[in-house]
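Data block below; observations after.
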Amino acid sequence: MAETLQTFARQLHKWGANVTAIQPGTKHPAHKWQHWQEKRQTKDDVNNLPWSKAAAVGVVNGSGDFRIFDIDAPKDQHGEPRYQVPEQVLVTVLQAIGLPHDYQWSYASGSGAGWGFVIRCQESLPVEFMGSEPGVLQGQPKEGFQFDHLELRWSSGQTVIDGRHPSGPGYCWRLGERPFVPPALVSAERVVKAFDTIAIPITNESKNKEAVTAVSPGHISPYGRGALNDAIGKVSTSPNGSRNNTLFEQTTGLAELVNGGELLRQDVEQGMTGAAMAAGLPESEIRATLDSAFKTVGSKARTVENEWVGLVENGDGRRGETAVSVNEDATFSTFADVDRLTGAIEWAWPGWLAQSYLHLLASESGVGKSFIAMRLAGCFLCGMPWPDGQVFTEQKGSVLWCEAEAAQQLNKERAKSLGLPLDKIIIPSLDPFRDIELRNIQDRDAIWSWANDDSIRFIVVDSLSGADPRDENSSDKLSVLKWLAELARNTGKPILLTHHLNKPLFGNETVTLNRLRGSTAIPQMARVIWAMDTPDPNNKEQKRLSVLKSNLAKFPEPIGVQIGTEVKFGPAPSAPQKYSELDRAMDFLRELLERQPVTAKGGEEAAMKAGISQSTLKRAKKQLGITSAKKADGWYWSLPVPM
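When we follow my numbering, the leftmost residue of the sequence shown carries the number 5, and every step to the right adds one.
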């Protein structure tokens, strides 16, 4: 470890940086370093640092023109991150400064919850931008960006960029390896533009306000503290369109704990105000929502007998509701609660596509399931009729397309051929060529956030094997399918997940659930499963779309599909009737005996020449009721006389 850090430090020094050796368990150098803010290190200086005891390596800000963007996640009272900053925040800054999304010098912070990247800039920043204090400029997030604060580490202090971290997994380069070229050299103008893209500089006034609204421990129980921290995390990460409702709902629950003596009102108000400001709500609106929440609760109280009740984890990895019911007199819920929250099943496409449910569309590779998914997107985008001709009656909007097979360009062409509005097909990443991975927390957060957006009406994940490339035969697939099913349920949107069929065995072309590729856990969470196949191998242009499984309704009639530059629908084709050896033998005998009887010897010889076996010939004779009659010159076969 020490040797590796020292090697990287030497390389940093060659590129112009002054470096520091960080002592274990801290983010501080294990040596004096301030003089290197003004003085260039020598090679001996670098080699003589205490690398044998070092846990990480840092760079002196400003030395060698090294500058650092540091994006921090909010911390709770114990210094633990409340949530992970979405990677799209980092990508936004990189694009604004003119750097690629996979910039070598970008990294995950030591806690694992924030991001950072290193640049070089030889120019001075404008005084009106940097202020009278050079060194570090802090910014609070603009609306739509989820993080605690941005630090532009310019010309004082030092920053750890590689190695272990006292409160997390350690710094991790996003490309999985250390950079092998110097940091990009950018202009001061681009630095200012990048900062202003996601953050508003924090003035002395806003810093004082932040200090006032910081949450103090107060006189609260361990359970109350946990509930407050959980609520802060939910409010601060709530997406646009649901922020006020989330603030109100979370505050009402906390207000009951205040009335039960588990929390102090001042702690709740301070914590919720800070979280709501991080989510982008104006202070006046926050104040009104908090007052309304406490007024709604009135004197209703909730207490916890045990000092601590754990919080349950939802399947999506987010913190869920507390294990204690909101109703102080109840310790359970009923199906009446489910009915109140969900109502009856609502169909977007009757019999096929239900709101709030996960659907699976499976076919062999190359049959056209992605094109069908795009055509269904056209219903929600443009009001196209459903494939069976039913009129689209839902609200039109945007479609969230989660690409996982690197087919962005191909699907774009399909959308264009269908005449769909490309600007309403949303990709949950600022990088349009980024494939989603359903086990990646940043991708999940981005999908979750967009799925909750009111403009999104339909969600496509194409495909399961691309979005979760782990072993398909593992029951571990269930967790990914469960996350998607919960996403559909909680957002009220239909989700279509594409998947693959196995090749047929022993020539059996029949499509059943057993043909789904991978673990039997895969079809478990999808309530409706479709299949698209080619029933007639001699007519591959004609496809059939059918339902293999439905827990929600009777199976609808299959639909015929023809895919070219567009998609056409019609009657479903069926598999051709199989022509057996017995059928062929019977046709042979009908034709042979149609005009007159034939000698048995002649019939057997003719059958042999036609490749019909003796056993099949006997079965065919019996099936047709062939009569045998003896004449002077031998036995004769003839067709039975019609009655």
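We put the CB at the ideal spot given by N, CA and C, even for glycine.
Neighbourhood of residue i by C-beta distance below 6 Å, restricted to the same chain and skipping five residues each side
i: threonine 301; result: Reading off the sequence shown, one finds valine at residue 301, where the question assumed threonine. Once the five neighbours on either side are set aside, the close Cβ partners of valine 301 are Thr256, Ala259, Glu260.
i: glutamine 372; result: Sequence check: residue 372 is glycine here, not glutamine. If we look at glycine 372 and ignore the five residues flanking it on each side, its Cβ neighbours are Ile567.
i: proline 562; result: Arg548, Ser550, Ala576
i: alanine 279; result: Ile236, Val239, Ser240
i: leucine 643; result: Leu597
i: lysine 304; result: Glu260
i: glutamate 317; result: Low per-residue confidence applies at glutamate 317: pLDDT is 35, beneath 50, and the placement is therefore not dependable enough to give any value.
i: proline 186; result: Trp19
i: glycine 118; result: Ile75, Asp76, Ala77, Val89
Same chain only: Cβ atoms within 8 Å of residue i, ignoring 5 sequence neighbours per side
i: proline 130; result: Ala192, Val196
i: leucine 424; result: Met378, Ala381, Gly382, Leu385, Cys386
i: threonine 163; result: Gly62, Val63, Asn65, Ile72, Asp74, Gly120, Arg157
i: lysine 572; result: Val565, Gln566
i: aspartate 591; result: none
i: glutamate 441; result: Ala408, Asp447, Ala471, Asp472, Pro473
i: lysine 79; result: Pro85, Arg86, Asp152
For residue j and residue i, the rounded distance between their alpha carbons
i: arginine 194; j: valine 63; result: 22 Å
i: valine 122; j: arginine 182; result: 12 Å
i: glutamine 10; j: serine 367; result: 54 Å
i: glycine 284; j: leucine 485; result: 32 Å
i: glutamine 15; j: glycine 139; result: 24 Å
i: glycine 606; j: arginine 623; result: 18 Å
i: serine 110; j: leucine 94; result: 8 Å
i: lysine 613; j: leucine 621; result: 12 Å
i: alanine 633; j: isoleucine 616; result: 22 Å
i: tyrosine 107; j: leucine 98; result: 8 Å
i: isoleucine 533; j: proline 173; result: 40 Å
i: isoleucine 430; j: serine 402; result: 7 Å
i: serine 56; j: asparagine 233; result: 39 Å
i: alanine 419; j: leucine 404; result: 13 Å
i: glutamine 27; j: proline 33; result: 6 Å
i: tyrosine 175; j: serine 160; result: 21 Å
i: serine 369; j: tryptophan 353; result: 25 Å
i: valine 2; j: arginine 44; result: No answer is possible for residue 2: the residues shown for the chain start at 5 and end at 647.
Proximity of residue i and residue j at Cβ, strictly below 9 Å
i: aspartate 152; j: alanine 235; result: no
i: leucine 517; j: proline 527; result: yes
i: tryptophan 40; j: asparagine 22; result: yes
i: alanine 611; j: glutamine 618; result: yes
i: arginine 178; j: alanine 60; result: no
i: serine 469; j: glutamate 476; result: yes
i: glutamate 398; j: arginine 306; result: no
i: glutamine 144; j: isoleucine 101; result: no
i: leucine 141; j: phenylalanine 149; result: no
i: asparagine 494; j: serine 246; result: no
i: leucine 267; j: alanine 231; result: yes
i: leucine 520; j: leucine 365; result: no
i: alanine 525; j: lysine 553; result: no
i: aspartate 472; j: threonine 502; result: no
i: histidine 17; j: aspartate 435; result: no
i: valine 515; j: leucine 505; result: yes
Residue range of the unbroken beta strand (DSSP E) whose run includes residue i
i: threonine 516; result: Looking at the DSSP string, threonine 516 is not in any beta strand (DSSP E), and its letter there is neither H nor E.
i: tryptophan 351; result: 351-353
i: lysine 605; result: Lysine 605 -> not in any beta strand (DSSP E); alpha helix (DSSP H) instead, spanning 604-613.
i: serine 554; result: 546-554
i: glycine 564; result: 563-567
i: leucine 505; result: Here leucine 505 belongs to no beta strand (DSSP E), and DSSP marks it neither H nor E.
i: leucine 141; result: 140-145
Endpoints, the alpha helix (DSSP H) within which residue i is located
i: arginine 594; result: 585-597
i: arginine 418; result: 412-421
i: serine 360; result: Serine 360 -> no alpha helix (DSSP H), and no H or E assigned at all.
i: cysteine 406; result: Careful: cysteine 406 lies outside any alpha helix (DSSP H), inside the beta strand (DSSP E) at 402-407.
i: aspartate 48; result: 47-51
i: aspartate 295; result: 287-301
i: methionine 281; result: 269-283
i: threonine 255; result: 247-263
i: isoleucine 101; result: 91-101
i: phenylalanine 445; result: At residue 445 the sequence reads isoleucine, which differs from the phenylalanine that was named. Note, isoleucine 445: alpha helix (DSSP H), 445-455.
i: leucine 485; result: 481-495
Contacts around residue i, its chain only, beta-carbon distance under 7 Å, and the 5 residues preceding and following it disregarded
i: leucine 103; result: Ala188
i: alanine 2; result: Residue 2 lies beyond the range of the chain shown here (5 to 647); nothing can be said about it.
i: threonine 250; result: Lys238, Val239, Ser242
i: glycine 629; result: Pro644
Taking contact to mean 3 or more Cβ pairs, one atom from each stretch, closer than 8 Å, check whether the segment 577-597 and the segment 387-399 are in contact. no
Measuring CB atoms only, is the segment 64-71 touching the segment 85-92, in the sense that at least three cross pairs come out at less than 8 Å? no
Are the segment 408-428 and the segment 352-362 touching by the rule of at least three beta carbon pairs closer than 8 Å? no
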